[in-house]
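So my numbering is basically just the index in the sequence shown, starting at one, shifted up by 3.
The beta carbon of each residue, even a glycine, is placed where N, CA and C say it ideally should be.
Just below is one structure, and these are the notes that go with it.
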Amino acid sequence: MPLSEQEIKHLLEKAEAYAKLGNYEEALKVYEKIIEQKPDYAKAWEKKGGVLSRLNRYEGARNAYERAAEYYMTGSDPFKVAVACWCYFAIIARYIFSIEAKEKYSKDLKKFVRELSNGTISIELREFFKENKHHLSEKAKIEKIKEVDWLGDEGKWWIKDEGKVYILDQEYQEISIFLENTPPHPHYYIKHAVLISPICLDTAIGDMDRAIELDPDRGEYYRYRGELLLKKVYEDDKKISTEKKSFFEKVIADYKTAVEKNPIDPKIWLKLMELNILLHNWDDAIVIYGSCRPFIQTNEDQLIRVWLGCTALALAGDTIEEKDKNPLYDQTIRLKSTAEMIRIISDSFIDEIQEKEEYKEKWEKAIETHKLLIEHLDDWEDRGDMFKRLRCYKEAVDAYSRAIELKSDCAYRIYKKKGDILNKFLKHYEEAIQAYDGAIEIGNRFHDNELWYEKANLLEMIERYEEALNAFNKIEELKSGLTSYSAFRVRQGILLEKLNRYEEALKLYDKAIEQGDIREAWDSKYNLLKKINRYEEADEVYNKARRIRSERAEEFYKLACESAQKGEKLDVTWRLSNAIELDAKYKEKAQKEGNFKTLWDDEDFKRIVG
Numbered sequence: 004m005p006l007s008e009q010e011i012k013h014l015l016e017k018a019e020a021y022a023k024l025g026n027y028e029e030a031l032k033v034y035e036k037i038i039e040q041k042p043d044y045a046k047a048w049e050k051k052g053g054v055l056s057r058l059n060r061y062e063g064a065r066n067a068y069e070r071a072a073e074y075y076m077t078g079s080d081p082f083k084v085a086v087a088c089w090c091y092f093a094i095i096a097r098y099i100f101s102i103e104a105k106e107k108y109s110k111d112l113k114k115f116v117r118e119l120s121n122g123t124i125s126i127e128l129r130e131f132f133k134e135n136k137h138h139l140s141e142k143a144k145i146e147k148i149k150e151v152d153w154l155g156d157e158g159k160w161w162i163k164d165e166g167k168v169y170i171l172d173q174e175y176q177e178i179s180i181f182l183e184n185t186p187p188h189p190h191y192y193i194k195h196a197v198l199i200s201p202i203c204l205d206t207a208i209g210d211m212d213r214a215i216e217l218d219p220d221r222g223e224y225y226r227y228r229g230e231l232l233l234k235k236v237y238e239d240d241k242k243i244s245t246e247k248k249s250f251f252e253k254v255i256a257d258y259k260t261a262v263e264k265n266p267i268d269p270k271i272w273l274k275l276m277e278l279n280i281l282l283h284n285w286d287d288a289i290v291i292y293g294s295c296r297p298f299i300q301t302n303e304d305q306l307i308r309v310w311l312g313c314t315a316l317a318l319a320g321d322t323i324e325e326k327d328k329n330p331l332y333d334q335t336i337r338l339k340s341t342a343e344m345i346r347i348i349s350d351s352f353i354d355e356i357q358e359k360e361e362y363k364e365k366w367e368k369a370i371e372t373h374k375l376l377i378e379h380l381d382d383w384e385d386r387g388d389m390f391k392r393l394r395c396y397k398e399a400v401d402a403y404s405r406a407i408e409l410k411s412d413c414a415y416r417i418y419k420k421k422g423d424i425l426n427k428f429l430k431h432y433e434e435a436i437q438a439y440d441g442a443i444e445i446g447n448r449f450h451d452n453e454l455w456y457e458k459a460n461l462l463e464m465i466e467r468y469e470e471a472l473n474a475f476n477k478i479e480e481l482k483s484g485l486t487s488y489s490a491f492r493v494r495q496g497i498l499l500e501k502l503n504r505y506e507e508a509l510k511l512y513d514k515a516i517e518q519g520d521i522r523e524a525w526d527s528k529y530n531l532l533k534k535i536n537r538y539e540e541a542d543e544v545y546n547k548a549r550r551i552r553s554e555r556a557e558e559f560y561k562l563a564c565e566s567a568q569k570g571e572k573l574d575v576t577w578r579l580s581n582a583i584e585l586d587a588k589y590k591e592k593a594q595k596e597g598n599f600k601t602l603w604d605d606e607d608f609k610r611i612v613g
């Protein structure tokens with residue numbers, strides 16, 4: 004049975020999701036499935052070309068783009084012709100514009116670029132591609148090329164092949180050049196926005212501004228610009244926290260325009276509800292909750308709609324009718340992921356709500372709604388994660404316990420999550436140790452040291468010192484993740500002290516001093532010598548430590564002065580900080596030091612010496 008348009012749309016979305024996750028092989032399989040059913044489906048060929056390009060399978064990518072262009076040319080839709088032009092341009096820019104090809108075919112290529120820029124594709128151009136299908140493409144040889152690397156600063160690939168070095172522009176640079184020499188068309192700006200968005204969101208947003216200026220009637224343009232603005236908020240969260248509200252309002256404005264032009268898109272309605280809740284615009288969210296119902300078609304989307312609506316009603320202090328909750332009680336509706344939940348059930352949003360007294364009771368009602376939604380998650384680990392976000396720690400532990408039974412391949416990770424909650428939040432230390440032991444038994448050579456370290460800390464906390472020492476010895480055996488051997492030796496020494504094994508502890512403190520000369524090692528040795536009444540040795544340790552600290556402080560201070568003379572502010576700050584930490588007298592001295600005169604008004608400098 005041939006694929007319906009709805010099935011094709013679903014498959015395209017699935018492939019796009021795979022591609023965004025970097026799983027290009029799976030994306031390729033989906034596009035090939037579409038092509039198998041509909042061999043003339045141009046968009047699938049175009050997307051296949053992009054994925055093959057990402058996989059460095061350039062000859063296949065070139066062929067896919069050519070097929071896409073051919074199929075886009077059937078008919079007279081100007082939008083499809085524009086996309087066909089883009090496909091041919093992609094072939095020229097990425098697979099023909101090598102150094103040799105430019106020299107050999109420079110005149111023809113320039114003519115064809117001008118032709119494509121004018122939005123036309125001649126028979127001559129199409130024949131040119133067919134006749135020169137193989138020998139024009141330097142990039143098609145890339146799978147046999149010995150060296151390939153990325154020049155990050157220049158934004159280019161260099162390719163070394165038997166002594167020759169080729170420099171090839173990246174995709175986003177090529178389309179930038181194309182845009183500069185092409186009559187404006189929104190499709191090209193969208194293409195550029197998609198390519199540049201992982202690198203520069205501001206440029207991508209500017210591209211969408213231009214696309215909307217050229218064609219203000221396409222709802223999907225507003226939607227995509229809204230998505231980019233939202234991505235900017237979440238990626239630059241700390242930088243633009245003060246502007247978050249205005250960014251959200253811009254996104255809401257774009258999404259409102261998008262639903263006005265295409266009201267049947269359920270995801271935009273749901274996102275509008277979510278954003279209004281994040282802005283504490285409960286009334287607006289409630290209005291959308293009521294008005295979007297006719298456009299929400301699937302049970303899953305209806306479930307999310309009801310959850311968001313009930314959350315807004317709860318936080319507004321309004322009554323929630325039982326009939327409004329019906330989808331929340333329908334356990335036949337299952338959710339495969341937490342994607343729709345993570346912004347509302349997040350630490351930042353929950354902290355905002357809980358710090359306000361007026362929401363204390365209202366939030367308890369909202370939690371009831373959240374718990375009902377969590378019950379729809381198929382994945383028990385996801386349930387545990389969501390319960391943890393809600394600070395419902397007992398429920399999280401229960402969910403993780405169930406997840407361990409069902410997801411044996413992920414048990415290591417889940418045991419660790421369970422142990423962390425039992426340790427840090429519930430303070431059930433014995434149970435936490437059991438959870439960490441469960442993970443350790445499974446084993447993970449990259450993270451075992453972290454678990455042993457947590458276990459050692461817990462064992463020390465509950466005064467099981469011998470076992471704690473054995474755990475630290477195990478970490479040393481793994482020799483992984485030890486950021487400071489000196490600090491590690493000090494911890495071992497302290498445990499030996501608690502076991503009254505003083506001579507062994509002193510040897511470890513000496514090792515710590517030898518390996519890193521840290522203050523804690525000197526202090527621990529001094530205090531232990533005093534504790535066992537070896538006062539003369541303790542005084543020697545104290546004086547030696549003081550002399551060494553003074554010498555090191557002086558050395559750091561001199562280096563800071565040298566850095567200041569060279570104008571190297573970053574080196575000044577860390578070296579001066581170290582000098583002051585070792586000897587506080589340098590704080591006052593630095594305030595009068597002529598070498599630092601240019602930094603006296605610098606905020607970082609004032610903070611260090613203040």
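Continuous alpha helix (DSSP H) stretch holding Tyr-468: start and end: Residues 468-481.
How would you label Ala-279, buried or exposed, when you count the other beta carbons within 10 angstroms and need 16 or more for buried? Before going on, a small fix: residue 279 reads as Asn here, not Ala. Answer is buried; the Cβ neighbour count reaches 16.
Name the residue from Gly-312, Ile-307, Lys-368, Glu-360 whose alpha carbon lies nearest to the alpha carbon of Leu-338. With distances taken between Cα atoms, Leu-338 lies closest to Ile-307.
Span separating the alpha-carbon of Asp-218 from that of Glu-19: In a straight line, the C-alpha of Asp-218 is about 24 Å away from that of Glu-19.
Quick check: the region 252-269 against the region 290-307, are at least 3 beta-carbon pairs closer than 8 Å? Yes, the region 290-307 touches the region 252-269.
Exposure label - Asp-286; buried when at least 16 CB within 10 Å: With fewer than 16 neighbouring CB atoms inside 10 Å of its own CB, Asp-286 falls in the exposed class.
Where do the N-terminal and C-terminal ends of the alpha helix (DSSP H) with Glu-517 fall, by residue? That run of the alpha helix (DSSP H) goes 505-519.
Nearest candidate by alpha-carbon position, reference Leu-6, set Tyr-21, Tyr-34, Gln-40, Lys-17: The candidate whose alpha carbon is nearest that of Leu-6 is Gln-40.
So, are the CB atoms of Asp-43 and Tyr-68 less than 8 Å apart? Not in contact: Asp-43 and Tyr-68 (Cβ atoms no closer than 8 Å).
Looking at C-alpha atoms only, which residue of Met-344, Trp-310, Asn-329, Val-400 is the closest neighbour of Lys-368? If you compare the alpha carbons of Met-344, Trp-310, Asn-329, Val-400 with that of Lys-368, the shortest gap goes to Trp-310.
In the region 334-419, which residue ranges form an unbroken alpha helix (DSSP H) of at least 4 residues, counting only runs that do not cross its ends? Secondary structure in the region 334-419: the alpha helix (DSSP H) runs of 4 residues or longer, each lying completely within the stretch, are 350-357, 363-377, 383-392, 396-409 in chain order.
For Ile-280, the three-state DSSP class (helix, strand or coil): For Ile-280, the three-state secondary structure derived from DSSP is helix.
Taking all protein chains shown into account, decide if Ser-553 is buried (16 or more other Cβ within 10 angstroms of its Cβ) or exposed. Only exposed fits Ser-553, as fewer than 16 other CB atoms lie within 10 angstroms of its CB.
Got a sec, what are the start and stop residues for the alpha helix (DSSP H) Thr-601 sits in? Boundaries for Thr-601: no alpha helix (DSSP H) harbours it, and the DSSP string shows neither H nor E there.
I need the straight-line Cα distance from Leu-499 to Glu-591, nearest angstrom please. Approximately 40 Å between the Cα atoms of the pair.
Terminal residues of the alpha helix (DSSP H) in which Lys-17 lies: For Lys-17, the enclosing alpha helix (DSSP H) covers residues 8-23.
Taking 8 Å as the threshold (C-beta atoms), are Gly-387 and Lys-427 in contact? For the pair Lys-427 and Gly-387, the CB atoms are not nearer than the 8 Å cut-off.
Contact under 8 Å by Cβ, Glu-384 with Leu-273: Their beta carbons are not under 8 Å apart, which means Glu-384 does not touch Leu-273 by this criterion.
Buried or exposed: Asp-542, going by 16 or more other Cβ atoms within 10 Å of its Cβ? Exposed is the label assigned to Asp-542, since fewer than 16 other Cβ atoms lie within 10 Å of its Cβ.
What would DSSP say about Pro-42, mapped onto helix, strand or coil? In the structure shown, Pro-42 sits in coil (DSSP, three-state: anything other than H, G, I, E or B).
Considering only C-alpha positions, which residue in the set Asn-452, Gly-446, Leu-462 is nearest to His-431? In terms of CA proximity to His-431, Leu-462 leads the group Asn-452, Gly-446, Leu-462.
Do Glu-434 and Ile-347 count as a contact pair if the criterion is CB distance below 8 Å? Going by C-beta atoms, Ile-347 is not nearer than 8 Å to Glu-434.
Once the 5 residues before and after Gly-63 are set aside, which same chain residues still bring their CB inside 6 Å of it? Closer than 6 Å at the Cβ level, and outside the excluded window around Gly-63, lie Leu-55.
Where does Arg-60 sit, in a helix, a strand or coil, going by DSSP? Here Arg-60 sits in coil by DSSP.
Excluding the 5 residues flanking Lys-247 on each side, which residues of the same chain have their C-beta closer than 7 Å to its C-beta? These residues qualify, in order along the chain: Val-236.
Reduced DSSP secondary structure (H/G/I, E/B, other) of Asp-218: In the structure shown, the three-state DSSP call for Asp-218 is coil.
Checking 8 Å against the spacing of the C-beta atoms, do Leu-585 and Arg-555 come in under that value? Between Leu-585 and Arg-555, the C-beta gap is smaller than 8 Å, which places the two residues in contact.
Cβ neighbours of Lys-17 in the same chain (closer than 7 Å, five flanking residues each side left out): Annotation for Lys-17: Val-33 place their beta carbon closer than 7 Å to its own, counting only its chain and skipping 5 residues before and after.
The region 185-197 in contact with the region 210-226 per 3-pair CB rule at 8 Å: As far as the Cβ criterion goes, the region 185-197 touches the region 210-226, which means the pair count is three or higher.
Tell whether a beta-carbon distance below 8 Å holds between Val-612 and Ala-582. In this structure, Ala-582 does not lie closer than 8 Å to Val-612 by Cβ.
Between the CA atoms of Asn-473 and Ala-548 - distance to the nearest angstrom: The straight-line gap separating the alpha-carbon atoms of Ala-548 and Asn-473 is approximately 30 Å.
Selection from Asp-205, Cys-203, Gln-357, Met-211 that minimises the alpha carbon distance to Tyr-191: Ranking Asp-205, Cys-203, Gln-357, Met-211 by Cα distance to Tyr-191 puts Met-211 first.
With Leu-573 as the anchor, note down where its alpha helix (DSSP H) starts and where it stops. Note, Leu-573: alpha helix (DSSP H), 572-585.
Grab the span of the alpha helix (DSSP H) containing Gly-613 for me, first residue to last. Counted as a single uninterrupted DSSP element, the stretch harbouring Gly-613 is not any alpha helix (DSSP H), since DSSP gives it neither H nor E.
Identify, in the order they occur along the chain, each residue of the same chain with its Cβ nearer than 7 Å to the Cβ of Gln-357, setting aside the five sequence neighbours on each side. For Gln-357, where only same-chain residues beyond five positions count, the Cβ hits under 7 Å are Trp-366.
Is Glu-523 closer than 8 Å to Val-493 when the C-beta atoms are compared? For Val-493 and Glu-523, yes; Cβs fall inside 8 Å.
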